[in-house]
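One structure is given below, encoded as structure tokens.
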Amino acid sequence: MRTSDFLGLDEKKVQYVVKELSVLLADLQVYYSNLRGFHWDVKGHGFFVMHSKYEELYNDAAEKVDEVAERILQLGSAPESRYSAYLQTSEIKEAGVVSCAKEGIDLLLDSYKTLIARERKIIELASDAKDETTVSLISDFLREQEKTVWMLVAVRSQSCAE
């Protein structure tokens, strides 16, 4: 007995959704790891604000990782759990040591651009598969991320204090 036997979804179409969710999972894992580094390494003028913001963002990313992995399981597949596989799959690359808040924000905005594009693709595929649950999940991600992008762009105008 499989979960998919009860969901009423076209398994062939769902496999395209799962494939993109798997890439999103890898993207989110690398994004999460980068945020941890930003949190640990930030220095200078924006330290207090960005140290807290990075922590907020990595906690949120950890929740999203779990939600995506669980959705993959609900759709009858197994999520990847090896970091080496994430690094091969993710479009987001590992960041080096980033101590300047402005540089961290720029890298975050690049990551959001990647995440948002992937999530829009997932919504399109999930809509085609009539998978409203995935559409709802990813739409919620987008709503939060678009607001965060707006806020980061507003903060980005600050220059780095050496």
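One point on numbering: in full-length UniProt numbering, the residue at position 48 of the sequence shown is 48, and numbering is uninterrupted.
C-beta atoms are modelled at their ideal positions from N, C-alpha and C, and glycine is treated no differently.
A quick note: this is a predicted structure, and the numbers were derived from the prediction, not measured.
Return the bridge partner residues of residue i from the DSSP annotation.
{"i": "Lys43", "result": "Cys100"}
What three-state label does DSSP hand residue i in the structure shown?
{"i": "Glu94", "result": "coil"}
{"i": "Leu9", "result": "coil"}
{"i": "Leu36", "result": "Sequence inspection shows Arg at residue 36; the Leu mentioned does not correspond to that position. Arg36 falls in the helix class under three-state DSSP."}
{"i": "Glu162", "result": "A caution first: Glu162 carries a pLDDT of 44, below 50, which makes its placement in the model unreliable, though a value can still be read off. Three-state DSSP puts Glu162 in coil, outside helix and strand."}
Give the range of the alpha helix (DSSP H) segment to which residue i is assigned.
{"i": "Arg143", "result": "Glu132 to Val155"}
{"i": "Leu75", "result": "Careful: Leu75 lies outside any alpha helix (DSSP H) and carries neither H nor E."}
{"i": "Ser84", "result": "Tyr83 to Thr89"}
Less than 8 Å between CB atoms is the rule here; does residue i satisfy it with respect to chain D?
{"i": "Lys43", "result": "The chain inventory of the structure shown lacks chain D, comprising one protein chain alone."}
Relative to the C-alpha of residue i, which residue among the options is closest?
{"i": "Lys147", "options": "Asn34, Val42, Ile116 and Phe48", "result": "Ile116"}
{"i": "Gly76", "options": "Lys93, Met50, Leu28 and Ser22", "result": "Ser22"}
{"i": "Leu35", "options": "Ala85, Leu109 and Lys13", "result": "Leu109"}
{"i": "Ile92", "options": "Ser99, Arg118 and Lys43", "result": "Arg118"}
Can you confirm whether the segment 61-77 touches the segment 11-23 when touching is taken to mean that 3 or more C-beta pairs between the two stretches lie within less than 8 Å?
yes
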